[in-house]
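Residue numbers (my numbering), protein chains in the order written: chain A, 1 to 114; chain C, 115 to 226.
For each residue, glycine too, the CB sits at the ideal point set by N, CA and C.
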């Protein structure tokens, strides 16, 4: 079991460019969560999918951010027209449909917007 | 919405001593409680999780206490060692598939 896989581990973009972050959940897990971590705001929920369907996107910024889960093996978080304030570590977690629903995290993608 | 306060923000202990981290939460419907460890440059490692019907859980040198009346959750690392040095987060959620709400984290340093 490779755990949750996130790529790339580091991404540097120029202001105004697009960034796409990838997450591969643990095989067999039915839920995928996205969080953002910054020094100032700490860990913040962005959005989550269950059985590939979007369930809760209450934490997503209204503009420029979007997330998809086209199949059960990966999810993407896309940020259009990146701004310096988007710089953060983006963490993906997955959860199975059994037990207590614990969330297991990937190593994160550190996004730096210059 | 749910709010979680975690203290202390920084904690330094000597090797072999205990380290205690406390979180308080606001939503009485909160039913799932977890502790995560984050080492430098890494993601969050799940240490332990408990349900609201559990008051105490011990695993591998870690003790989690849950006081539902006071809405307080604590993590006790007994006999800390330098490898325990990391940032620790409490996290709570109200449902099995709900989002996690995190505390601000505690940076623990264990000195030899």
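Taking all protein chains shown into account, do 16 or more other C-beta atoms lie within 10 angstroms of the C-beta of residue 25 of chain A, making it buried, or fewer, making it exposed?
buried
So is residue 163 of chain C in contact with chain A if we call contact Cβ pairs under 7 angstroms?
yes
Check each candidate in C:191, C:167, C:215, C:192 and name the one with the smallest Cα separation from residue 180 of chain C.
C:167
Give a yes or no on whether 7 angstroms exceeds the smallest Cβ distance from residue 114 of chain A to chain C.
no
Name the DSSP bridge partner or partners of residue 42 of chain A?
A:38
Could you give the DSSP three-state label for residue 117 of chain C: helix, strand or coil?
coil
Do residue 31 of chain A and residue 211 of chain C have their C-beta atoms within less than 7 angstroms of each other?
yes
Any residues in the region 139–160 of chain C with a beta carbon nearer than 7 angstroms to a beta carbon of chain B? Which ones, in chain order?
Of the protein chains in the structure, A and C, none is chain B.
Would you decide whether residue 165 of chain C is buried or exposed? Buried here means 16 or more other CB atoms lie within 10 Å of its CB.
exposed
Smallest Cα separation from residue 84 of chain A: which of A:104, A:95, A:15, A:5?
A:15
Among A:54, A:73, A:75, A:79, which one has its Cα closest to the Cα of residue 64 of chain A?
A:79
Within the 7 angstroms Cβ cut-off, does residue 28 of chain A reach chain C?
no
Could you tell me whether the Cβ of residue 218 of chain C comes closer than 7 angstroms to any Cβ of chain A?
yes
Would you list, in sequence order, the uninterrupted beta strand (DSSP E) runs of no fewer than 3 residues that lie entirely inside the region 119–191 of chain C?
124–128, 133–139, 146–152, 158–165, 170–173, 176–181, 186–191
Does DSSP classify residue 56 of chain A as helix, strand or coil?
strand
Taking DSSP as the reference, what is the three-state secondary structure of residue 107 of chain A?
coil
Would you please verify whether the beta carbon of residue 64 of chain A is less than 7 angstroms from any beta carbon of chain C?
no
Taking Cβ positions only, does residue 213 of chain C come closer than 7 angstroms to chain A?
yes
Verify the CB distance criterion: does residue 102 of chain A have a CB-CB separation below 7 angstroms to chain C?
yes
Enumerate in chain order the residues of its own chain whose CB-to-CB distance from residue 213 of chain C is below 7 angstroms, with the five nearest sequence positions on each side excluded.
207
Name, please, each residue of chain C whose Cβ falls closer than 9 angstroms to the Cβ of residue 50 of chain A.
211
If you draw a straight line from the alpha carbon of residue 142 of chain C to that of residue 82 of chain A, how long is it in whole angstroms?
38 angstroms
Contact list for residue 107 of chain A against chain C, beta-carbon separation under 7 angstroms
156, 157
With residue 149 of chain C and residue 178 of chain C assumed to form a contact (beta carbons below 8 angstroms), what rounded beta-carbon distance in angstroms separates them?
6 angstroms
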